[in-house]
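First comes the structure, then the notes that go with it.
Dropping the structure here:
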């Protein structure tokens, strides 16, 4: 199985594009509040918008602080702003805060608290939150170990196109842990993981194919084709604020 998916991050070069980024990210209603015309004022402007209660500004300001775009990185301050946005229902902020509690950066490491924030993000259809939450339930970290719930969250993320989740869900169907053992569904999800670029699923997929009947393989490939027709490939973007 896989490790946790890390927090969302912005490239440090974002500081050179920040005025444009402000207009795209915060929208015209916020821009009416006289956005900065130079890079030196941009971070202070973000702080003003965040302090005024704009959840998107709080989330993006937290990322800038976390990355140290305009100075030394400040994980503690970033966590405070992620929390402010998350408390307003910002799913990506809840995910970022959850991962910080998993890693212990900016906040004390606490898998239980992490799980509570990831639950909020998962409800906002953040596939990486669903994946991380599945790992917690699978391993019993911060929550009671529950293979069935792990499978549910893996499937949510897999249905959103997250290749790692497709791989892990395929492994569960292969082993019959948390879900009924089903080689056809195992092959389907492993094949989708490979097609979505998760090469680590290739060995399990090949080994499984040698154990299946031609009819089972054909049934799995039919499911793959149906799924691709409906959803496409290459990790389609998830919804969220």
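In this note's numbering, the protein residues as written are 557 to 797. From the three backbone atoms N, C-alpha and C, an ideal C-beta is built for every residue, glycine too. Since the model is a prediction, treat every value here as computed from it, not as a measurement.
Asked                                                                                                                                                                          : Found
Could you check the C-alpha separation between residue 716 and residue 694 for me, to the nearest Å?                                                                           : 20 Å
CB-CB under 6 Å to residue 709, same chain, minus the five flanking residues each way: which ones, in chain order?                                                             : 686, 689, 690
What whole-angstrom Cβ distance do residue 672 and residue 718 have, given they're in contact under 8 Å?                                                                       : Incorrect: roughly 21 Å between the Cβ atoms, too far for contact.
For residue 646, which three-state DSSP category applies?                                                                                                                      : coil
Can you give me the start and stop residues for the alpha helix (DSSP H) that residue 763 sits inside?                                                                         : 757–767
Below 8 Å on the Cβ atoms is my guess for residue 743 versus residue 776; work out the distance and round it to an integer in Å.                                               : 4 Å
Excluding the five sequence neighbours on either side, which residues of its own chain have a C-beta within less than 6 Å of the C-beta of residue 659, listed in chain order? : none
For a test of the three-state rule: what should DSSP assign to residue 615, helix, strand or coil?                                                                             : helix
Please determine if the stretch 758–770 and the stretch 780–789 are in contact, where contact requires at least 3 C-beta pairs separated by less than 8 Å.                     : no
Is it buried or exposed, residue 646, if we count other Cβ atoms within 10 angstroms and call 16 or more buried?                                                               : buried
Can you give me the Cβ contacts of residue 597 inside the same chain, cut-off strictly under 7 Å, excluding the 5 residues immediately before and after it?                    : none
My assumption, with CB atoms under 8 Å, is that residue 668 sits in contact with residue 698. Please give the rounded CB distance.                                             : 4 Å
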